Structures are given as C-alpha cells and as structure tokens.
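The structure under discussion appears below in the form of structure tokens.
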DNA sequence: CCCTCGATCAGCT
DNA sequence: GCTGATCGAGGGA
C-alpha cells in the first residue's frame, strides 16, 4: 500500500507519472477488484486553469482538494460519470491526479456486472468514467483515505516499459493551459483512452 | 474510419 | 440557462 509520503510531495507531475503501473485495489462489500493504472493526468492547483481548484476556488465539491494528500476526490462529470482523482501535496495546496485508464487484473466478473458489459473488452476500464464504474468507485467515496484495506493503491515489481506524455484530454476550455503536457500513459497499451499520440517521456 | 448527439446534474452567471 | 476533467449509440464514408 502506497504510504502518505508518496502522495504528500510537491510535484504533482512526478506523482502522476509514478502512478503508472501501480495497482488500484477496491474491496467494497467484500468484492475484490484490482486494476493496473495505465493513464493519468495531473491537475496542478490554483494556477492551472483546467483544475477545479483554479484561482483557489472552494466549493463543497472541491473542498477535499484543499485537504491532506492521499484521499480520493470523486466528482460527477456531465451529470453521469464519476471521475476518480487522488489528492496530492500538502493541506491547502489543492492538486490532484485523475486516473484515466487501467488494465483489469482481478475481479473481472464483478467489473462486468457493475458496468453492464457482456464481454471483457478493452473498453471495460478505458476512460475515467469506466475505471470508476468497473472498480465500484462513486462520489460517496470522496474524502476516503487511500491508506485503507478496502480502497488503496499498491505497487508490485512491474516496471512500465515506455511512458508517453501529451496534453490533457477534454480541457479545451482552459486556454493555453490545455496545451500543458500533463497527461501520462503507457505506450501501446490498449486500455489507454483518447489519442495514443504523444512524445516519448522515458 | 469519422462525425454527431443525448444523457443528466453541480456549479456558475 | 449554460457548460463541463465523458461515454456509447447511430449513421455515413
């Protein structure tokens, strides 16, 4: 289980990159599901026009971003989808990493049931809405500590072969901040959402 | 392959 | 009343 000192660091870009290859574990209502993170985006806080916390804006929804690191920020997007973020950095520095895609490992039958999909194809956990749905992560989990048995991130000896970097997806409203290279993903991984094009980072 | 469109609600104006 | 850190279905090339 990743400890507080993984999340409570000043550089959200480093954390977003290092989350690639880590494993999300949920055991809600006794149902175990795990998936390896293959795509993330960094949201850099009050100076980042794409972030909900841009300009230091606080609402009931974003309040958790201003809290301590290592907690879940799950918000409702387009009124339908529940997007899972991990809060980073110190209290009052409202940064987070969005989990955009993952590769299923354990509990695929439960993921199929939660998503209503018939087959375990690449769309099962492709895209942030699908990741949350498959793993059972909902807005009610906002504020949940990620240092808990039933919901946490863990590491194994997996080493990502090649990491790609690109601008973030769906943030055109953010002006020139939409061009910042804050999206990280594993090269050639079929679970990655959106465009697979980007620059080789490592 | 590409495009458009509807779903549905928190937060802002 | 409008927009958004989305998704999947449907239609055309």
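Residue numbers (the numbering used here): 5 to 206.
All residues carry an ideal CB built from backbone N, CA and C; glycine is no exception.
As the structure is a prediction and not an experimental result, all values here were calculated from the model.
Neighbour-count burial assignment, residue i, 16 or more Cβ in a 10 Å radius
i           : result
residue 74  : buried
residue 45  : buried
residue 160 : exposed
residue 166 : exposed
residue 107 : buried
residue 52  : buried
residue 84  : exposed
residue 193 : buried
residue 163 : exposed
residue 66  : buried
residue 179 : exposed
N-terminal and C-terminal residue of the alpha helix (DSSP H) that residue i is part of
i          : result
residue 8  : 8–11
residue 22 : 16–22
Where residue i sits in the DSSP three-state scheme
i           : result
residue 53  : coil
residue 163 : coil
residue 200 : coil
residue 40  : strand
residue 135 : helix
residue 157 : strand
residue 92  : strand
residue 114 : helix
residue 141 : coil
residue 5   : coil
residue 73  : coil
residue 152 : strand
Delimiting residues of the beta strand (DSSP E) encompassing residue i
i           : result
residue 105 : 99–110
residue 170 : 167–170
residue 29  : 27–32
Residue(s) in a DSSP beta bridge with residue i
i           : result
residue 86  : 80
residue 187 : 45, 170
residue 35  : 32
residue 130 : 105
Residue i vs residue j beta-carbon contact at 9 Å
i           : j           : result
residue 93  : residue 13  : yes
residue 170 : residue 155 : no
residue 150 : residue 6   : yes
residue 78  : residue 129 : no
residue 43  : residue 141 : no
residue 109 : residue 23  : no
residue 39  : residue 48  : no
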